[in-house]
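Enquirer: Once you've had a glance at the structure underneath, I'll fire off some questions.
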Amino acid sequence: RTTTVGVEPSLVVDLQWEKNNMDHHTEVFREDGLIVRRGQPFIITLDLTSTTNLQQKLNKSKLSAQTGPFPAASSGTKISMGLNGEKEDSGWSAAASLKGNTISLKVCPSPSAPIGKYSLADLGKFVLLFNPWCPDDTVYMEKKEEREEYVLSQDGIIYGGDAKNITHWAWNFGQFESGVLKASLKILNESLQHKKNADKDCSKRNDPIYVTRVLSAMVNANDDSGVLSGRWSGNYDGGVDPSKWTGSVEILRQWHDSNCKSVRYGQCWVFAGVGCTVARALGIPCRLITNFESAHDTNGDLKIETYVGEDGRMVKESVMCCGPVPVKAIKIGDLTCQYDAAFVYAEVNADIITTFKLYDGLERNVVNKITVGQNISTKSIGKDAREDVTHLYKYEEEQVSLNTFFAAESDFTLVVSCALSVLKIPLKHRYLKYAPLLSTGSQLQVWALLTDMDTDARLLEKHYVSFKDPKINIKRVGHASLVKLSVENPLPDTLPECWFSIEGANLTHGEKILNVGPKETATAKFYFTPTQSGLRKLLVIFSSTKLGHIKSYVNLSISK
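Counting in the numbering used here, the sequence shown runs from 1 upward without gaps.
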């Protein structure tokens, strides 16, 4: 691709972005233009009609690159380079070679340069990203399979449900889809830090910790023009039910195209999915972790306080915030480590204290030390299997307890006697009673309060009841880009106004099904034209007012 520079009609510039992007692992971006990674050289060529005294001019010339609205050498946002190939104090270098009427410029950004949009003198523009392939970059990831999973993979698995009934669904990160990189860079420019001091903000974009700190604030819309508005009430009028989202692409495009108006609505996994997409788009390796029974400690005492009345109903709730903070610091309990270490530590280790407010005004506490932080899960590298990473975040409760009271490898004798009787009280919940709640998800939360009438002791327990979603059958017909879908209505009621929709492999479509009677099967078929080869996930969702949003997926191997 060539560009004629307006200030010099005799000069034609070729940014060679197709070749450079291939070398920099950015050819998968569905964006036109030069996209390169720091710490790795790229080459552009200049074709001239006149070469008089050109070599002498090159020896004396300098090349400049700049980023941000107020570039300055003092902040590292304006760089000047000689063309002799020597590394400048900024860490950048440039070298020029002359062959006939063509100049080849080899430019190597510093591995610690700020990321973002750059201008290269009057020669053209490019985007600079973090580089997990560069050993000198702080985001360097040595293993190829980890880079492929945490940087290049556009699909993933999100785990949900509860610790005893773990469910999963696919998520389309789509970090290389059209418009996503543009939205990701816009997120940085819309942050409070950028609006307060743009040059300082652009300068600090050399630090992935700073960038993820900004990102964690901008994914939600609490304090700024962030991407997503959260809602947990069950009323999603004026927006999208969070459980209906199947990927980040539509969310980011909608936010960008609406002049940064927050998208409604998101919940924890939606925030995480969008955050992971933006991180990968910018070149920061990222994976999505599900922490079951995650706690929210807002006052820093490593205790989660729940206030309930005499009848066991909750009377007070809390709010939340987030890191980033090193995983190792969480495991060893280094609460002084930045950022928000105490809060994140409490997410997986806090005690849950339930305070009963009795009718006589007295309060009584019950402590639970086990519930928080169970079965911490993520997708395995290179396969659709759950990996339990709890051991990376915390020690086993039993191990910590034993090491506290007994010397290592000491002998002891323990005799335990127990005389208990277990009373089971079956409770029957009829479909007509819980049916209205099914549209908000496939899980009910049940609280049980046990009171000893003799001692007035109380026990409050929470239990999740998970409903098994009907299976969506997905069948690819031959080698053509055609899939047939079917799902059976398991309810004794008719499902009105149902929808099949699909996402993935660079497509999004929907088809309306009017009504599906009891035990009847809804069917649909979709034709699609994938634009990228490789292994991709085709995400399918069946939506209805009575079953909510049922999700499934199939892996498709797409040939060139």
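Here a beta-carbon is modelled for each residue, glycine too, at the ideal position from N, C-alpha and C.
Using a Cβ-Cβ cut-off of 8 Å (strictly less than) and excluding sequence neighbours within five positions of Thr545, which residues of its own chain qualify?
Expert: Excluding sequence neighbours, Thr545 sits near Ser439, Leu495, Pro496, Glu497.
Enquirer: Between the C-alpha atoms of Val214 and Cys202, what's the straight-line distance to the nearest angstrom?
Expert: C-alpha separation (whole angstroms): 12 Å.
Enquirer: Around the Cβ of Asp199, are there at least 16 other Cβ atoms within 10 angstroms (buried) or fewer (exposed)?
Expert: It is buried - the Cβ of Asp199 has at least 16 other Cβ atoms within 10 Å.
Enquirer: To the nearest angstrom, how far is the alpha carbon of Gly85 from that of Ser557?
Expert: Each residue's alpha carbon lies about 44 Å from the other.
Enquirer: Runs of 3 residues minimum, wholly inside the region 159 to 236: which ones carry the beta strand (DSSP E) assignment?
Expert: If we require 3 residues or more, the beta strand (DSSP E) runs fully inside the region 159 to 236 come out as 165 to 172, 228 to 230.
Enquirer: Just verifying my parser: in three-state terms, what is the DSSP assignment at Ser70?
Expert: Residue identity differs from the one stated: residue 70 is Phe in this sequence, not Ser. Correct three-state label for Phe70: coil.
Enquirer: Which class does Met141 belong to by DSSP, given the choice of helix, strand or coil?
Expert: Looking at Met141 - three-state DSSP - the assignment turns out to be coil, as it is neither helix nor strand.
Enquirer: Could you name the residues of the same chain whose beta carbon sits closer than 8 Å to that of Val389, not counting the 5 residues immediately before and after it, in chain order?
Expert: Cβ neighbours of Val389 beyond the five flanking positions: Ile289, Ile376, Ser377, Thr378.
Enquirer: Evaluate Thr77 with the Cβ neighbour count: other Cβ atoms within 10 Å of its Cβ, from every protein chain shown; 16 or more gives buried, anything less gives exposed.
Expert: That one is buried.
Enquirer: So what does Asn555 bridge to, in DSSP terms?
Expert: Asn555 is bridged to Lys537.
Enquirer: Quick check on the DSSP output: the beta strand (DSSP E) that includes Gly382 runs from which residue to which?
Expert: No beta strand (DSSP E) holds Gly382; DSSP gives it neither H nor E.
Enquirer: Would a C-beta distance cut-off of 8 Å place Ala183 and Arg280 closer than the cut-off?
Expert: No.
Enquirer: Taking the alpha helix (DSSP H) that Leu392 falls in, what are its first and last residues?
Expert: Per DSSP, Leu392 belongs to the alpha helix (DSSP H) from 390 to 393.
Enquirer: Let me confirm a value: Gln154 is counted as buried when at least 16 other C-beta atoms fall within 10 Å, else exposed. Which label applies?
Expert: The residue in question, Gln154, is buried, as its Cβ has 16 or more Cβ neighbours within 10 Å.
Enquirer: What do you get for Tyr150, buried or exposed, if any count of 16 or more other CB atoms within 10 angstroms of its CB means buried?
Expert: Answer is buried; the Cβ neighbour count reaches 16.
Enquirer: Quick one: residues in its chain with C-beta nearer than 6 Å to the C-beta of Val487, no 5 flanking neighbours on either side, listed in chain order?
Expert: Counting only Cβ-Cβ distances below 6 Å, and skipping sequence neighbours, we find Pro470, Ile472, Ala522, Phe542.
Enquirer: From Arg38 to Phe130, what does the alpha carbon distance come to, in whole angstroms?
Expert: So the two alpha carbons sit approximately 6 Å from each other.
Enquirer: When the Cα of Asn165 is compared with those of Asp493, Glu503, Lys468, Glu511, which residue comes out closest?
Expert: Per the Cα distances, Lys468.
Enquirer: Three or more C-beta pairs closer than 8 Å, one from the region 255 to 270 and one from the region 116 to 124: is that the case here?
Expert: They do not touch, by the three-pair rule.
Enquirer: Counting beta carbon pairs with one atom in the region 9 to 20 and one in the region 42 to 51, are three or more of them shorter than 8 Å?
Expert: They touch, by the three-pair rule.
Enquirer: Using a 10 Å radius around the Cβ and a threshold of 16 neighbouring Cβ atoms, would you call Tyr553 buried or exposed?
Expert: Buried, since its Cβ has 16 or more Cβ neighbours within 10 Å.
Enquirer: Give the straight-line distance between the Cα atoms of Gly161 and Phe29, rounded to the nearest whole angstrom.
Expert: The alpha-carbon atoms of Gly161 and Phe29 are separated by roughly 33 Å.
Enquirer: State buried or exposed for Thr67, treating a residue as buried only when at least 16 other CB atoms are found within 10 Å of its CB.
Expert: Classification of Thr67: buried, given that the 10 Å Cβ count is 16 or more.
Enquirer: Which whole-angstrom value is the C-beta distance of Ile330 and Val211, which I expect to be below 8 Å?
Expert: About 21 Å; that fails the 8 Å criterion.
Enquirer: Whose C-beta lies closer than 7 Å to the C-beta of Asn291 among residues of the same chain, with five residues either side of it excluded?
Expert: Taken in chain order, the residues that qualify are Glu347, Val348, Gly373, Ile376.
Enquirer: What is the DSSP secondary structure of Phe343, counted as helix, strand or coil?
Expert: Of the three classes helix, strand and coil, the one that applies to Phe343 here is helix, per DSSP.
Enquirer: Rounded to whole angstroms, what's the CA-CA distance from Asp454 to Gly382? Just pull it up for me.
Expert: Near 57 Å, if we compare the C-alpha coordinates of Gly382 and Asp454.
Enquirer: What did DSSP end up calling Met22 once you bin it into helix, strand or coil?
Expert: DSSP places Met22 in helix when its eight states are reduced to three.
Enquirer: Here's a check: name, in chain order, each residue in its chain whose Cβ is nearer than 8 Å to the Cβ of Ser481, leaving out the five neighbours to either side.
Expert: The answer, listed in chain order, is Tyr527, Phe528, Thr529, Pro530.
Enquirer: Just to confirm the assignment: which complete beta strand (DSSP E) runs, minimum length 3, are found wholly within the region 68 to 124?
Expert: Complete beta strand (DSSP E) runs here, min 3: 78 to 82, 93 to 99, 102 to 108, 116 to 120.
Enquirer: When the Cα of Lys261 is compared with those of Tyr434, Asp241, Glu190, which residue comes out closest?
Expert: Among Tyr434, Asp241, Glu190, the Cα nearest to that of Lys261 is on Glu190.
Enquirer: Of all the options Leu128, Ser80, Val422, which has the alpha carbon lying nearest to the alpha carbon of Ser61?
Expert: Comparing Cα-Cα distances from Ser61 to each of Leu128, Ser80, Val422, the minimum goes to Ser80.
Enquirer: Closer than 8 Å by C-beta to Trp232: which residues in its own chain qualify, once you throw out the five before and the five after it? Chain order, please.
Expert: Closer than 8 Å at Cβ, skipping near neighbours: Gln267.
Enquirer: Do you know offhand how far Lys94's Cα is from Ser119's?
Expert: Checking the displayed sequence, the identity of residue 94 turns out to be Ala instead of Lys. Using only the alpha carbons, I get a separation of about 15 Å.
Enquirer: Alpha carbons only, please: which of Glu88, Gly247, Arg147 is nearest the one belonging to Ser64?
Expert: When only C-alpha atoms are compared, the closest one is Glu88.
Enquirer: Could you give the C-beta distance for Pro324 and Ser466, rounded to a whole number, given that I count them as a contact under 8 Å?
Expert: In fact, because the Cβ distance is near 31 Å, the residues do not count as touching under 8 Å.
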